[in-house]
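Student: In our numbering, the protein residues as written are 4 to 575. Glycine included, each C-beta is placed from N, C-alpha and C at the ideal position. Just so you know, these numbers come straight off a predicted model, no measurement behind them.
Listed below in structure tokens is the structure:
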């Protein structure tokens with residue numbers, strides 16, 4: 004995580020942002036060039052648009068960290084997509100070879116050999132197969148601060164990866180090997196049903212640079228190495244990031260035609276909408292719900308890849324009484340049955356949909372043409388809730404824990420991102436729990452996004468409003484919640500929030516089941532266990548409206564790929 008700046012730095016960042024808002028032509032061709040960020044000057048002398056390099060300005064949230072090893076946020080992935088080379092680059096749902104010249108798989112479908120192109124970092128230094136191997140091994144090693152080691156084991160099952168994650172073998176014994184400078188070999192324990200050799204996110208990472216930076220890695224522009232389409236040249240915290248085209252990128256003459264990309268951060272929805280209407284920005288990645296009608300002519304809808312839910316810290320921040328309450332299944336079910344998801348979603352999330360199961364559309368089912376949710380019905384909480392069932396579950400929890408009434412429950416903090424949408428959702432949930440169950444012990448704790456994520460990753464919360472990608476295959480979500488899953492055990496310390504051996508075995512068996520229908524049936528059984536145990540309360544799935552200027556062509560935002568896909572984007 005990026006440490007919060009001292010007060011002086013925050014004042015400076017705020018001053019820069021205010022300067023941006025004051026410039027009437029900021030970030031446009033031929034406008035006022037005053038302000039605190041890069042401009043394109045009008046040199047024509049007659050008010051005509053300047054003929055400078057093509058660039059785009061996007062309003063979106065900033066990364067939490069650019070530490071490639073410790074990153075656990077899709078906001079970071081947006082920056083990585085723009086600045087890092089990849090073995091295969093996802094674009095519009097398909098993985099396309101980039102650093103890979105050719106690849107082959109052996110007859111057992113467990114050994115994948117990749118022959119790489121000769122490519123370089125932005126400074127011209129050669130990138131080697133060892134850089135890609137080091138990235139995978141670093142992400143697999145929890146001792147490096149990675150929170151996704153368990154997910155890598157579940158998704159790819161490299162030889163000895165589980166043993167390496169547990170500290171039982173050396174990195175040299177893992178099935179990730181740079182045979183020479185241009186040959187990378189990945190060896191799996193067994194064929195993985197959802198892995199075809201291309202659908203892997205893998206960047207290069209220089210081991211010497213990582214050692215030199217230490218804990219500062221990815222915290223500033225100076226602590227970051229670029230190898231992809233763009234070089235990160237400026238990062239003013241809470242204000243903006245600037246990316247400039249990397250002429251040394253392998254496909255620089257074929258893709259990503261824009262010379263400069265600027266992302267603005269921390270703008271409230273009203274300011275963002277005003278800047279878009281005045282032409283000061285080209286894209287609003289997310290349009291506030293109060294401005295959908297105003298910007299209706301420029302909206303593009305993209306279905307969300309994430310589900311939002313309330314997550315329980317079953318360790319209770321070290322408080323035995325809170326731990327017992329949050330570990331109680333009846334208490335969790337009471338909170339879930341008390342919620343009217345249809346009403347909540349209509350009030351606070353008009354671009355998404357209320358949900359009451361994990362593996363919802365568009366995940367495919369028994370065939371690539373059918374939906375999992377249609378093929379495998381589940382027993383779950385009604386969308387409108389069930390007040391009587393909620394009260395019965397609450398009474399059962401009180402009896403099991405020895406409480407005389409709901410007023411005896413310990414105080415619980417509900418950690419929520421400090422933005423309008425999450426705050427309003429939190430207030431709505433707390434109000435429904437109060438109205439239906441009489442629970443008044445839950446109070447909302449608002450925190451800036453980086454701080455909230457930091458507290459979540461160190462179990463400093465009781466309840467947490469989370470957003471998790473559910474992907475296009477069942478394993479993408481279910482792997483999070485195995486005993487070693489990257490969200491279930493986000494600390495990587497062997498302290499999962501939820502533990503169920505049958506669930507773990509079902510997910511593990513499904514991963515190597517090559518018969519599609521049988522594999523999906525195993526995933527359906529696993530999902531039902533997760534619904535029955537309720538380690539988190541489902542609320543809604545996200546959807547997103549972006550506003551795109553008429554000047555922009557080919558802009559693609561793909562939440563499933565966690566990317567600003569500017570591969571074919573042009574700006575007039």
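#1: Mapping the DSSP letters down to three states, classify residue 387 as helix, strand or coil.
#2: In three-state DSSP terms, what is residue 279?
#3: Closest to residue 286 by CA distance: which of 296, 295 and 275 is it?
#4: How long is the line joining the alpha carbons of residue 250 and residue 180, rounded to whole angstroms?
#5: In the DSSP assignment, the beta strand (DSSP E) including residue 245 goes from what residue to what residue?
#6: So, is residue 88 buried or exposed, given that buried needs 16 or more other C-beta atoms within 10 angstroms?
#7: Going by Cα to Cα distance, which pick from 338, 294 and 295 is closest to residue 313?
#8: Return the first residue and the last residue of the alpha helix (DSSP H) that residue 106 is part of.
#9: What is the rounded straight-line gap between the Cα of residue 544 and the Cα of residue 469?
#10: At what residues does the beta strand (DSSP E) containing residue 450 begin and finish?
#11: Just the C-alpha distance for residue 217 and residue 330, rounded to the nearest angstrom, thanks.
#12: Report the CB separation of residue 433 from residue 452 in whole angstroms; it is logged as a contact under 8 Å.
#13: Going residue by residue through the stretch 148 to 236, where are the continuous alpha helix (DSSP H) segments of at least 4 residues, counting only ones entirely within it?
#14: With a cut-off of 8 Å, do at least 3 Cβ pairs link the stretch 146 to 160 to the stretch 483 to 493?
#15: From which residue to which residue does the beta strand (DSSP E) around residue 471 run?
#16: Would you decide whether residue 556 is buried or exposed? Buried here means 16 or more other CB atoms lie within 10 Å of its CB.
#17: With 16 as the cutoff for other CB atoms within 10 Å, does residue 207 come out buried or exposed?
#18: Specify the secondary structure class of residue 367 as computed by DSSP and reduced to three states.
#19: Hey, is the stretch 535 to 542 in contact with the stretch 495 to 503, meaning 3+ C-beta pairs nearer than 8 Å?
#20: Under 8 Å, do residue 531 and residue 554 count as touching if we go by C-beta distance?
#21: Using a Cβ-Cβ cutoff of less than 7 Å, which residues in the same chain neighbour residue 462 once the five nearest sequence positions on both sides are dropped?
#22: Taking DSSP as the reference, what is the three-state secondary structure of residue 315?
#23: By Cβ distance below 6 Å, which residues in the same chain neighbour residue 48 in space, the five residues on each side in sequence not counted?
Tutor: In brief:
#1: In this structure, residue 387 counts as coil in the three-state DSSP scheme.
#2: The answer is helix: DSSP assigns residue 279 an H, G or I state.
#3: Selected option, being the one with the closest Cα: 275.
#4: The alpha-carbon atoms of residue 250 and residue 180 are separated by roughly 29 Å.
#5: Looking at the DSSP string, the run of the beta strand (DSSP E) that includes residue 245 is 243 to 248.
#6: Of the residues assessed, residue 88 falls on the buried side of the cut-off, its CB having 16 or more other CB atoms within 10 angstroms.
#7: Scanning 338, 294 and 295 for the CA closest to the CA of residue 313 turns up 338.
#8: It is not in any alpha helix (DSSP H) - residue 106 instead sits in the beta strand (DSSP E) that spans 103 to 108.
#9: Between residue 544 and residue 469, the alpha-carbon positions lie close to 11 Å from each other.
#10: Looking at the DSSP string, the run of the beta strand (DSSP E) that includes residue 450 is 445 to 450.
#11: Cα to Cα, the separation comes out at about 37 Å.
#12: Distance from residue 433 to residue 452 at the Cβ level is roughly 20 Å; contact not present, criterion being Cβ atoms closer than 8 Å.
#13: Every unbroken stretch of the alpha helix (DSSP H) spanning 4 or more residues and falling wholly within the stretch 148 to 236 is given here in chain order: 152 to 159, 164 to 168 and 210 to 216.
#14: Yes, since at least three Cβ pairs between the stretch 146 to 160 and the stretch 483 to 493 fall closer than 8 Å, the two stretches touch.
#15: It spans 466 to 472 - the beta strand (DSSP E) in which residue 471 sits, taken as one unbroken run.
#16: With fewer than 16 other Cβ atoms within 10 Å, it is exposed.
#17: Buried, since its Cβ has 16 or more Cβ neighbours within 10 Å.
#18: Three-state result, residue 367: strand.
#19: Between the stretch 535 to 542 and the stretch 495 to 503, the count of Cβ pairs shorter than 8 Å is three or higher; the stretches touch.
#20: Result no, Cβ atoms of residue 531 and residue 554 do not sit closer than 8 Å.
#21: Excluding its 5 nearest sequence neighbours in each direction, residue 462 has C-beta neighbours in its own chain below 7 Å: 316, 318, 320 and 494, listed in chain order.
#22: Strand at residue 315.
#23: Reliability of the predicted coordinates at residue 48 is poor, the pLDDT of 36 falling under 50, and no value is obtained from them.
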